[in-house]
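**Student:** Per our numbering, the sequence shown starts with residue 5, numbered consecutively.
I am attaching a structure below and will ask some questions about it afterwards.
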Amino acid sequence: GEIMNSATVKAQTGLGIDGFMWAPDCVYNKEEQLYYLYFPHMIDEATWRIFVATSREPAAKFRVKGVIEGIPSTIDPCVFVDDDGQPYIYTSGAGQGCWGGKLRKDDWTTLDGTMTPLKGFTDFHEAPWMHKYKGKYYLSHSDNHASTQGGNQMQYSVSDNPLGPFTPCGVYMYPQGEETAHGSIVEYNGKWFSFYSKSIIYLCHYILLFAILSLLDLLRYRYFYVYLYDVNLDGLKYEWQDLPYRYTEL
């Protein structure tokens, strides 16, 4: 059910306007035993900010801590925690491209340094997602594929560093028949899964938050889909279903 809305944010922080809560992310801090929910919300008619809320539960009782200072007016936050415990945050959209930076290890509500624009993508639109595989960093994102052609495709780029520079590698998911598509790639019990969402009903004001394996999307009610794929010894990604995926070099 609903765990946050614009009225809650305003009541707890004094910030924000009605509606406009889009594509968040949720991560778990094992040391603090806290869930951190990152979400974009407009504080006026022209400015987006990235807010943070925390809870002991993954889908209830979140309390808004405030905004992360230093992040440009962007949306669609993704938080990635590297093997050494270093958290990174990525944002995008709102016509600003893709941005990335470190969060403090001891305070996941504060930047450690500055956000920088990231480079090395093909037709970048929004919705960055980071995962790591065999020491390489994979940043996937939606592109600007026209709605008349089936909507967003999902593309990805690879780097030796979580903040790039990145090398574009192409499309890994074809259009789904809706204008907006966001996705994530996660490992669970030794298998890799690709999650994605697509919109069915546009909402203007009160938005539901869904905590489903950190793939959260707030602009619309959405159906969520998942596909299992294998990575073979040659580095090819094989999708069990013929569509919407294809073979992709990792």
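Heads up, the beta-carbon is just placed ideally off N, CA and C, and yes, glycines get one too.
Once the 5 residues before and after glycine 18 are set aside, which same chain residues still bring their CB inside 8 angstroms of it?
**Tutor:** Hits under 8 angstroms: none found.
**Student:** Going by alpha carbons, who is nearest to lysine 140 out of Asn156, Asn165 and Thr120?
**Tutor:** Among Asn156, Asn165 and Thr120, the Cα nearest to that of lysine 140 is on Asn165.
**Student:** What distance in whole Å lies between the Cβ atoms of isoleucine 72 and threonine 113, which are believed to be in contact at a cut-off of 8 angstroms?
**Tutor:** The Cβ separation is near 6 angstroms, so the contact holds.
**Student:** Decide if the segment 57 to 69 is in contact with the segment 98 to 106; the criterion is three or more beta carbon pairs, one per stretch, under 8 angstroms apart.
**Tutor:** Judged by Cβ distances under 8 angstroms, the segment 57 to 69 makes no contact with the segment 98 to 106, as fewer than three pairs qualify.
**Student:** DSSP state of serine 96, grouped into three classes?
**Tutor:** Strand at serine 96.
**Student:** In the DSSP assignment, find the beta strand (DSSP E) that holds serine 163 and state where it starts and stops.
**Tutor:** Residues 158 to 163.
**Student:** Give the DSSP-derived three-state secondary structure of methionine 10 in the structure shown.
**Tutor:** Checking the sequence, you will find serine at residue 10 rather than methionine. Looking at serine 10 - three-state DSSP - the assignment turns out to be helix.
**Student:** Strictly by DSSP, which residues pair up with proline 172?
**Tutor:** Answer by DSSP bridge pairing, in chain order: Ser161.
**Student:** Excluding the 5 residues preceding and the 5 following glutamine 37 in the sequence, name in chain order all residues of the same chain whose CB lies nearer than 8 angstroms to its CB.
**Tutor:** Excluding sequence neighbours, glutamine 37 sits near Arg60.
**Student:** Using beta-carbon positions only, say whether serine 146 and histidine 186 come within less than 8 angstroms of one another.
**Tutor:** Cβ atoms of serine 146 and histidine 186: closer than 8 angstroms.
**Student:** Please classify alanine 27: is it buried, with 16 or more other beta-carbons within 10 angstroms of its beta-carbon, or exposed?
**Tutor:** The residue in question, alanine 27, is buried, as its Cβ has 16 or more Cβ neighbours within 10 Å.
**Student:** In the DSSP assignment, find the unbroken beta strand (DSSP E) run with tryptophan 52 in it and report its ends.
**Tutor:** Residues 52 to 59.
**Student:** Can you list, in chain order, the stretches of the beta strand (DSSP E) that have 3 or more residues and sit fully within the segment 66 to 96?
**Tutor:** Taking only runs of at least 3 residues, the beta strand (DSSP E) segments lying wholly in the segment 66 to 96 are 67 to 71, 79 to 85 and 91 to 96.
**Student:** Can you list, in chain order, the stretches of the beta strand (DSSP E) that have 3 or more residues and sit fully within the segment 18 to 42?
**Tutor:** Segments of the beta strand (DSSP E) lying fully in the segment 18 to 42: 29 to 33.
**Student:** Can you tell me whether alanine 63 is helix, strand or coil according to DSSP?
**Tutor:** If DSSP states are grouped into helix, strand and coil, alanine 63 belongs with coil.
**Student:** Quick check on threonine 184: does DSSP put it in helix, strand or coil?
**Tutor:** Coil.
**Student:** Is it true that the CB of isoleucine 21 sits closer than 8 angstroms to the CB of isoleucine 54?
**Tutor:** No; because the gap between Cβ atoms is not below 8 angstroms, this pair is not in contact.
**Student:** Tell me where the beta strand (DSSP E) around tyrosine 142 begins and ends.
**Tutor:** Taken as a continuous stretch (DSSP letters only), the beta strand (DSSP E) holding tyrosine 142 covers 140 to 147.
**Student:** Please check the pair valine 56 and tyrosine 42, which I expect to be a contact at CB under 8 angstroms, by giving their CB distance rounded to whole angstroms.
**Tutor:** Yes, they are in contact, since the Cβ atoms of valine 56 and tyrosine 42 sit about 6 angstroms apart, within 8 angstroms.
**Student:** Just grab the DSSP bridge partners of leucine 115 for me.
**Tutor:** DSSP, once it has assigned bridges, lists Leu107 as partnering leucine 115.
**Student:** If you count every other CB in all the chains shown that lies within 10 Å of the CB of aspartate 111, and 16 or more means buried, which is it?
**Tutor:** So aspartate 111 counts as exposed.
**Student:** By the three-class DSSP mapping on this structure, what secondary structure does alanine 150 have?
**Tutor:** Note: alanine 150 maps to coil in three-state DSSP.
**Student:** Ordered along the chain, which non-local residues of its own chain (more than five positions away) have a Cβ less than 6 angstroms from that of tyrosine 229?
**Tutor:** Per-residue confidence for tyrosine 229 stands at a pLDDT of 46, beneath the threshold of 50, marking its modelled position as unreliable; no derived number is given.
**Student:** Please classify asparagine 9 as buried or exposed, where buried requires at least 16 neighbouring CB atoms within 10 angstroms.
**Tutor:** With 16 or more Cβ atoms within 10 Å of its Cβ, asparagine 9 is classed as buried.
**Student:** Among the residues of its own chain, which have a CB less than 7 angstroms from the CB of aspartate 88, if the five just before and after it don't count?
**Tutor:** Once the five neighbours on either side are set aside, aspartate 88 has no close Cβ partner at all.
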